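Protein chains: 2
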Amino acid sequence: MTFYEKLEQHQQKLSRLSHLSAICGWDQAAMMPAGGNEARSEAMAELAVMHHELATAPHLAEWFEQAEAESLTKEQAVSLKEMKRGWQMSNLLPADLVEEKSLAGSKCEHAWRSQRNDNNWHAFSKNLEKVVELSRQEAQIRAEATGLSRYDALLDIYEPVMTTKELDQLFSDVKSWLPSLIQQVQEKQQSEAVLTPAGPFPVEQQKALSLEVMTKLGFDFNHGRLDVSVHPFCGGVPTDVRITTRYDEEDFTSALMGVIHETGHARYEQGLPAQWRGLPVGEARSMGVHESQSLFFEMQLSRSETFIDLLAPLASDAFDRRNDPALSSNNLTLFNTRVKPGYIRVDADEVTYPAHVILRYEIERDLIEGNIEVADIPELWDKKMTEYLGLSTRCNYTDGCMQDIHWTDGSFGYFPSYTLGAMYAAQFMAAMHKEMNVENLIRERNLSPIFNWLDRHVWKKASTVSTDQLLIDATGERLNAKYFKQHLIDRYLK
Amino acid sequence: MTFYEKLEQHQQKLSRLSHLSAICGWDQAAMMPAGGNEARSEAMAELAVMHHELATAPHLAEWFEQAEAESLTKEQAVSLKEMKRGWQMSNLLPADLVEEKSLAGSKCEHAWRSQRNDNNWHAFSKNLEKVVELSRQEAQIRAEATGLSRYDALLDIYEPVMTTKELDQLFSDVKSWLPSLIQQVQEKQQSEAVLTPAGPFPVEQQKALSLEVMTKLGFDFNHGRLDVSVHPFCGGVPTDVRITTRYDEEDFTSALMGVIHETGHARYEQGLPAQWRGLPVGEARSMGVHESQSLFFEMQLSRSETFIDLLAPLASDAFDRRNDPALSSNNLTLFNTRVKPGYIRVDADEVTYPAHVILRYEIERDLIEGNIEVADIPELWDKKMTEYLGLSTRCNYTDGCMQDIHWTDGSFGYFPSYTLGAMYAAQFMAAMHKEMNVENLIRERNLSPIFNWLDRHVWKKASTVSTDQLLIDATGERLNAKYFKQHLIDRYLK
Ligand SMILES: [Zn+2]
Ligand SMILES: [Zn+2]
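Here the protein sequences line up with chains A and B, keeping their order.
Just so you know, the UniProt record's numbering puts 407 at position 407 of the first sequence, and the rest follows in order with no gaps.
Just so you know, the UniProt record's numbering puts 415 at position 415 of the second sequence, and the rest follows in order with no gaps.
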């Protein structure tokens, strides 16, 4: 057996442990009764330790060295590169830093749950300072190993190859037109009369509608399920993708759009190439590309007028409300494209969402690079919210800088993926339009060509090429904000 | 840290891996879509290998030696003994025999699924011969290590301390009165008019009834769930017990009695002592004792006239059939205590069931000891079925010696546990009767004293004492068939 083959075998073993972790994690969120949590957490922590020990086994250094000297096919060379990237990532951090960060993160997150309610920035900031300090240490170690800047080294975990330099360009482009665009959209929408669909919408009917829409979107139920959890997510493994939602009896659109979003994530996972299963090269390319698929499904596709023409009668039938004007195609289109600046990122619409992300990006970048301190956050948050969305968060930490869970456990570098995903998605849709009449296909209820395009250009590529190359191969050009801007103008100002 | 403490820590690690295996196994049976099976099986096989490696780590021999020389509390000494028993069991068999047996078992089981339908004993017997040959090898190795006979060494896996000698005594006692008792019961029941409850009984209503009855039986939903699977079972872990059932819209009693049965298993698991959690001494004592709890719930308790007085109105309400005479307490009692000799063990009633078990026991005992060969099975089966139940299985292998899955993968020594469980259960109930008026408690809807008795005498004992001692402590005498016989006479002939 060659060393490359040994590494593949080793990787399959790691992948099997990840499989168990994914299923038990899904169960913990979607099935497990509360009383099972302590033993489950212990069992999963044990598995994580075993995974880490296996991923950092001392003999791997030699295996990689030997494998790199072997004659490999072009595909194997790419696969080896991705395996090595994962191995290096696993080995980078000293165990005591990982543990210290995990403990500080748990402590900060746990306290945050009540501190946020209490608007208690003072107490929260003490815990956050510790988390930031350890994240800076982590960033420093990653920076030294990769030759990147500190923040770029964190960015690299979620969005390989992406840099602060490129992000600054992309986001300053967006910032140059977004605030005025938001203004214009609001003015235009002022004159629109929109009905809010009135509940109750029984859970069972919402579930049936969700399953029907998932089926139309090509979700493979032989390789996945839909269930319920407090925080919706897409989990499981490519051969068995578990998506979840949360039903609100007063508003069926939140679960429906959420399910469509997760279905986008799920189809990416289900569409990953079988020949690379279990190997890093066969995994999704990045967080941003993953989000591009969910946002393609949710934003590009499902909030379009044409697609809502398809959804509205399904909803009317599901809830047996064929004459409810709030469920008409026209009203649902207006309802699902309402724009209103607000404090909370997760509640934001497609147009204002990037402002929330850019704000967080700018703050966390400066925080990790050491240009600002935790104590500076509230003022910066208030200033940027006022500048981008015209909303002040002065003294309102709950709906300001304490609203997200991400920073509490030191997940710095993650936020940009959301808006990168939105841009990728818009660029994919624009490229697709050059090859086919997407609206006509939707009208004809013939969605396969759309999914086949994504399958060919994104899903089946997995991690065989860089994100840059993926974009160029699929759209003919590198990532830029132009298509996202045009999409917003087309949808919200015409 | 003492060596005893090191062993405890090691055992907790094994227990955490078993936790992951239990949850992923439950998921595979109750949740997983078919397409996920291949990757899941691989992941679980990997986990089994890691568990085995850990359980047989070479340094454990010294740890046990050192721990045995340490000064231990009485409880620790018992715990050490149980850990050592598990360790020795794991180490007994050479890896190649385990693998060969696993492969032969998979092959035999897989082919059996179609061969059984085809009544193809000839083809099946070839596979079974291989399984028996390997099981004899296993028995031989276990016999040499334990000083037991070959079959006793297999029995010891499921029912520690039980021997062929004792089983022969118990079962010959049963055989001396069972056939004529079956005869008498049938004659008595001939004159009874019983209505078969007529479906459909909607699944949702059956589920609601099941949950209601589980609640009355003290199932702790903070530490467990009820779901659906093709073959009902009790899985999960003590802090999160997963029971399953299968609903038949034409017959609600099958799922209801099945749920009650699994609830008995579940309460044993949920009631195991927290202070020994994760250690062998804190686990259920044996297969037979486990079955005694499910049969206590299902047979001793729930098929009694008094308990059906409690169940019947719940069922009438659940199905909104308050005037259906088939759902009257009187009719449901008759319906749930019908006795009719049949070919199939899993469909057998309480009275004829032991005949099925004794038949299998006698054949597998002689098979493993080498007194008979696979080719002799059909004739013996026919002879014993005729003798015990008056039914011939000549040339009918499908409903004869090919009906069970157990032998296909070499699970010899397991069948006796079913009838041992029934005997333990009857003996427990008789002892309980000396301390309280069980019927009155049921009539007063005050079931706690019943469950507290089981908790004190069985659940909280876990594996801290031998089964023999457990019986003596709980009932004042060793296991005997007298109480089981008396129970059958009281219920079926009075
Ligand atoms: Zn997403
Ligand atoms: Zn059972």
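Backbone N, C-alpha and C define an ideal beta-carbon position, used for all residues, glycine too.
Note that this is a predicted model, so its numbers are computed, not measured.
With a 10 Å radius around its C-beta and 16 neighbouring C-beta atoms as the bar for buried, classify residue 71 (chain A) as buried or exposed. By the neighbour-count rule (16 or more Cβ atoms within 10 Å), residue 71 (chain A) is not buried but exposed.
Quick check: is any heavy atom of ligand 1 less than 7 Å from the C-beta of residue 294 (chain A)? yes
Determine the contact status of residue 489 (chain A) and residue 352 (chain A), defining contact as a CB-CB distance below 8 Å. no
Confirm the yes/no value for this check: CB of residue 291 (chain A), any heavy atom of ligand 1, distance under 7 Å. yes
Which full runs of the beta strand (DSSP E) of 3+ residues lie inside the region 40-128 of chain B, going along the chain? Fully enclosed beta strand (DSSP E) runs of 3 or longer: not present.
Under the assumption that residue 13 (chain A) contacts residue 250 (chain B) (Cβ atoms under 8 Å), give the Cβ distance between them as a whole number of angstroms. That pair is no contact at about 47 Å.
Can you name the start and end residues of the beta strand (DSSP E) that residue 370 (chain A) belongs to? Run containing residue 370 (chain A): none; DSSP gives neither H nor E here.
State the CB to CB distance for the pair residue 358 (chain A) and residue 366 (chain A), rounded to an integer number of angstroms; the pair is presumed to be in contact (CB under 8 Å). About 13 Å separates the two Cβ atoms, so there is no contact after all.
Using DSSP with H/G/I as helix, E/B as strand and the rest coil, what is residue 234 (chain A)? strand
Please determine, among B:20, B:63 and B:62, the residue with the shortest C-alpha to C-alpha distance to residue 50 (chain B). For the residues B:20, B:63 and B:62, the minimum Cα distance to residue 50 (chain B) belongs to B:20.
Taking only beta-carbon positions, decide if residue 239 (chain A) is within less than 8 Å of chain B. yes
Quick one: using the 10 Å Cβ neighbour count with 16 as the cut-off for buried, is residue 162 (chain A) buried or exposed? Burial call: buried.
Hey, would you say residue 420 (chain B) sits closer than 8 Å to residue 159 (chain B), going by beta carbons? yes
For residue 59 (chain B), is the beta carbon positioned less than 7 Å from some heavy atom of ligand 2? no
Using beta-carbon positions only, say whether residue 329 (chain A) and residue 309 (chain A) come within less than 8 Å of one another. yes
Distance CB(residue 209 (chain B))-CB(residue 326 (chain B)) smaller than 8 Å: Their beta carbons are not under 8 Å apart, which means residue 209 (chain B) does not touch residue 326 (chain B) by this criterion.
Of all the CB atoms in chain B, is at least one closer than 8 Å to the CB of residue 36 (chain A)? yes
Proximal chain A residues relative to residue 16 (chain B), where beta-carbon distance stays under 9 Å: 39, 42, 43, 44, 45, 46 and 47
With DSSP run on the structure shown, which of helix, strand or coil describes residue 322 (chain B)? Looking at residue 322 (chain B) - three-state DSSP - the assignment turns out to be coil, as it is neither helix nor strand.
Once you ignore the five residues that flank residue 120 (chain B) on each side, which residues in its own chain have a CB closer than 6 Å to its CB? none
If we ignore side chains and look at the alpha-carbon of each, how far apart do residue 78 (chain B) and residue 237 (chain B) end up? 22 Å
Listing by chain order, which chain A residues have their CB less than 7 Å from the CB of residue 224 (chain B)? 33
Indicate whether at least one CB of chain B lies closer than 8 Å to the CB of residue 211 (chain A). Not an interface residue.
From what residue to what residue does the alpha helix (DSSP H) around residue 260 (chain A) run? 252-271
C-beta neighbour in chain B for residue 301 (chain A), strict 8 Å: Answer no: the Cβ-Cβ gap between residue 301 (chain A) and chain B never drops below 8 Å.
Looking at residue 261 (chain A) and ligand 1, is the gap between the Cβ and the nearest heavy atom below 7 Å? Yes; taking the cut-off as 7 Å, the Cβ of residue 261 (chain A) has a heavy atom of ligand 1 nearer than that.
Could you list which residues in chain A have their beta carbon closer than 8 Å to that of residue 243 (chain B), in chain order? Residues of chain A passing the Cβ test: none, with the nearest at roughly 12 Å.
Between which two residues does the beta strand (DSSP E) containing residue 17 (chain A) stretch? Segment 3-30 is the alpha helix (DSSP H) holding residue 17 (chain A); no beta strand (DSSP E) there.
State the beta-bridge partners of residue 528 (chain B) as determined by DSSP. With chain B represented from 1 up to 494, any question about residue 528 (chain B) goes unanswered, as that position is not in the structure.
Proximal residues of chain E, C-beta to C-beta of residue 234 (chain B) below 7 Å: Although the question refers to chain E, the structure presented lacks it and instead comprises the protein chains A and B.
Using a 10 Å radius around the Cβ and a threshold of 16 neighbouring Cβ atoms, would you call residue 231 (chain A) buried or exposed? exposed
Going along the chain, which residues of its own chain have a beta-carbon closer than 7 Å to the beta-carbon of residue 404 (chain A), five neighbours each way excluded? 345
Could you name the residues of the region 67-96 of chain A whose beta carbon sits closer than 7 Å to any beta carbon of chain B, in the order they occur along the chain? Listed by position along the chain: nothing, the set is empty.
Contacts of residue 118 (chain A) in chain B (Cβ-Cβ under 8 Å): Listed by position along chain B, the residues whose Cβ is nearer than 8 Å to that of residue 118 (chain A) form an empty set, because the closest Cβ is around 28 Å away.
Nearest-angstrom Cα separation, counted from residue 112 (chain A) out to residue 122 (chain A): Distance from the CA atom of residue 122 (chain A) to the CA atom of residue 112 (chain A), rounded to whole angstroms, is 11 Å.
Segments of 4+ residues assigned as alpha helix (DSSP H) that fall wholly inside the region 271-311 of chain A: 287-295
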